[in-house]
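Number of protein chains: 2
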Amino acid sequence: MSTLAQGKAGLERASTAQKVADMLRERVLDGELAPGLRLSEEAIGGALGVSRNTLREAFRLLTRDRLLVHEHSRGVFVRRPTGDDVRDLYAARRVIECGALRLWNGVTDAQREAVRAPVRQAVARAEKNDWTKAGSANIQFHRGIVGLAGSTRLSDESDRLFAELMLAFRVAQEINDFYQTYVPWNRRIVELLNNSEIDEAVDQLNEYFDAAEEDLVQRLEAN
Amino acid sequence: MSTLAQGKAGLERASTAQKVADMLRERVLDGELAPGLRLSEEAIGGALGVSRNTLREAFRLLTRDRLLVHEHSRGVFVRRPTGDDVRDLYAARRVIECGALRLWNGVTDAQREAVRAPVRQAVARAEKNDWTKAGSANIQFHRGIVGLAGSTRLSDESDRLFAELMLAFRVAQEINDFYQTYVPWNRRIVELLNNSEIDEAVDQLNEYFDAAEEDLVQRLEAN
DNA sequence: ATCGTAGAATCGTTCAACAATCCAACGATC
DNA sequence: GATCGTTGGATTGTTGAACGATTCTACGAT
């Protein structure tokens, strides 16, 4: 029966609004729709071949994900994260990820592997100077950490935080500079975890957040 | 200027969909719209005097808040939390609130007071056997704890978790029984915090979560 | 240069329509 | 008698047009 249960996910037809939202999400995250850009209902709806009402439903979805901001009677815009936004995001990440990391000894092997594997990937990709894929492996690392908590709600919210953070990276034109520093950082965290030095791992993660936040805020406020 | 800045919030006209969503949220949380109930677009739209399209926008908002569930081509229903939902909710709360609590020594006095004050209120109201208000004071206590993190994103998400949890309470017909036990529990946590015994306070909070989760799951699965 | 105003553009919301989907009742079949 | 198609009826999904309300822009007055 497990194969049938798997197929179920594919069966669930996505609504048009959902599909439109997914498409727009990609465009926003890959930078095709730049932060600050206003999304005209008429233009986008016409281009995608959907009605204004359906498009507005899609906008609501992305607004809840904080990728778009809605200004009454003015329209929706691609979010342009500020320094304050970044501080807020990292305050949330600190609590969530450090809290999740403390659960290390009480989770399943699969959960622990979901933290280790992305680090190995990031190392391999960094050696090939493929910083784009190394960056996504980094996100997988942090997704793995949040996954230690075993809460889909927490993981979903964290995904939204990560997506918003990627917008901030784009605004800050943060490309590789900082990405090169976190790979060894992540390695050290995993080593500490493997030695059951949880508190030290949490400290390292916190320091990583300090550095990343500061770097990002600097670039944003220099805009 | 501060008075002008305050007025700004009131100036921002809420959209009809937002107002409808707020109204429905109240009805769901106070139990007037019972968990599992299907919300007919025609019936609700007619009763509230809004068009189907606007109502659907409101439904989307509440679906994202997890108060409603949307089933394709079948309609929207008031969420009926399951035991698994409750376990997921508490897994998230454990990480968020225990993580936030550890920040106790590094936050402002106002933040700390936002944790202490609700406990005093809960004590006062419990003495008058006003368990409804004591219950909302309990939520304020936990909101205060999350607020220690200083992240509006985290606080907003926690509010959603709390709202969903109140739905679970309703399904479980959890009235006063358990509410009577947490008041002294909260008192103890605050005392430990005042003595800077942070780790002990976190332990207590974790035990509270254990007890609350177990109690709630039991009632739900007995349904 | 600042201010106010008219007109264009866009949003907010409603309404009506139709296709797609689901549901409940009814027989048909074994 | 229980299971299985089938058939309408009801509800959702989506569209398109319409119109008042709001914002933006450009132009001219002070």
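Protein chains in written order, with this note's numbering: chain B, 1 to 223; chain Y, 1001 to 1223.
A virtual CB, placed ideally from N, CA and C, is assigned to each residue, including glycine.
{"Asked": "Inter-residue CB distance, Y179 of chain B and A114 of chain B (contact presumed, cutoff 8 angstroms)", "Found": "Actually they are not in contact, since the Cβ atoms of Y179 of chain B and A114 of chain B sit about 21 angstroms apart, beyond 8 angstroms."}
{"Asked": "Expected contact under 8 angstroms - CB spacing of R1094 of chain Y and F1209 of chain Y to nearest Å", "Found": "5 angstroms"}
{"Asked": "Beta carbon proximity, N138 of chain B to chain Y, threshold 9 angstroms", "Found": "no"}
{"Asked": "Under the three-state DSSP convention, the category G1031 of chain Y falls into", "Found": "coil"}
{"Asked": "Short-range partners of chain Y found in the region 93-114 of chain B, where Cβ spacing is below 7 angstroms", "Found": "V95, I96, C98, G99 and A100"}
{"Asked": "Whole-angstrom distance between D1030 of chain Y and I1044 of chain Y, CA atom to CA atom", "Found": "17 angstroms"}
{"Asked": "Any chain Y beta carbon closer than 9 angstroms to E157 of chain B", "Found": "yes"}
{"Asked": "Cβ-based burial, R219 of chain B [other Cβ within 10 Å; buried from 16]", "Found": "buried"}
{"Asked": "9 angstroms Cβ cutoff, N195 of chain B in contact with chain Y", "Found": "no"}
{"Asked": "is_contact[G150 of chain B, chain Y] using C-beta, thresh 9 angstroms", "Found": "yes"}
{"Asked": "C-alpha gap between A100 of chain B and V1020 of chain Y, whole angstroms", "Found": "37 angstroms"}
{"Asked": "Pick from Y:D1156, Y:E1174, Y:A1149 and Y:A1058 that is closest to L1131 of chain Y, judged by C-alpha positions", "Found": "According to the sequence as given, residue 1131 of chain Y is Trp; it is not Leu. Nearest option by C-alpha distance: Y:E1174."}
{"Asked": "Any C-beta of chain Y under 9 angstroms from that of L89 of chain B", "Found": "yes"}
{"Asked": "Interface flag, H1142 of chain Y vs chain B, CB-CB below 9 angstroms", "Found": "no"}
{"Asked": "Endpoints, the alpha helix (DSSP H) within which F1225 of chain Y is located", "Found": "Residue 1225 of chain Y lies beyond the stretch modelled for chain Y, which goes from 1001 to 1223, so this question has no answer here."}
{"Asked": "Reduced DSSP category for E71 of chain B - H, G, I as helix; E, B as strand; rest coil", "Found": "strand"}
{"Asked": "Contacts of E1057 of chain Y in chain B (Cβ-Cβ under 8 angstroms)", "Found": "R56, E57 and R60"}
{"Asked": "Exposed unless 16 or more other CB atoms sit within 10 angstroms - verdict on T1054 of chain Y", "Found": "buried"}
{"Asked": "Member of B:Q111, B:A211 and B:D65 whose CA lies at the smallest distance from the CA of E1157 of chain Y", "Found": "B:D65"}
{"Asked": "Chain B contact for A1017 of chain Y (CB, 9 angstroms cutoff)", "Found": "yes"}
{"Asked": "L1192 of chain Y (DSSP reduced to helix, strand or coil)", "Found": "helix"}
{"Asked": "Any chain Y beta carbon closer than 9 angstroms to R227 of chain B", "Found": "As shown, chain B starts at 1 and ends at 223. That puts residue 227 of chain B outside it, with no answer to give."}
{"Asked": "Boundaries (first-last residue) of the alpha helix (DSSP H) holding P1081 of chain Y", "Found": "Taken as a continuous stretch (DSSP letters only), P1081 of chain Y belongs to no alpha helix (DSSP H), as it is neither H nor E."}
{"Asked": "Per-residue contacts from L161 of chain B into chain Y (C-beta, under 8 angstroms)", "Found": "R1153"}
{"Asked": "Segment contact, 8 angstroms Cβ cut-off, at least three pairs: the region 1111-1128 of chain Y with the region 1182-1194 of chain Y", "Found": "yes"}
{"Asked": "Beta-carbon spacing of L148 of chain B, R188 of chain B below 9 angstroms", "Found": "no"}
{"Asked": "Neighbour-count burial assignment, N105 of chain B, 16 or more Cβ in a 10 Å radius", "Found": "exposed"}
{"Asked": "Best match in B:V171, B:V123, B:T108 and B:A17 for proximity to V50 of chain B [C-alpha to C-alpha]", "Found": "B:A17"}
{"Asked": "Where L165 of chain B falls: helix, strand or coil (DSSP)", "Found": "helix"}
{"Asked": "Neighbouring residues, chain B, relative to N1053 of chain Y (Cβ below 7 angstroms)", "Found": "N53"}
{"Asked": "Outcome for P1081 of chain Y when other beta-carbon atoms lying within 10 angstroms are tallied against a minimum of 16", "Found": "buried"}
{"Asked": "Opening and closing residue of the alpha helix (DSSP H) in which L1037 of chain Y lies", "Found": "Unbroken run through L1037 of chain Y: none, as it is neither H nor E."}
{"Asked": "Proximal chain B residues relative to R1080 of chain Y, where beta-carbon distance stays under 7 angstroms", "Found": "Simply none; closest approach about 16 angstroms."}
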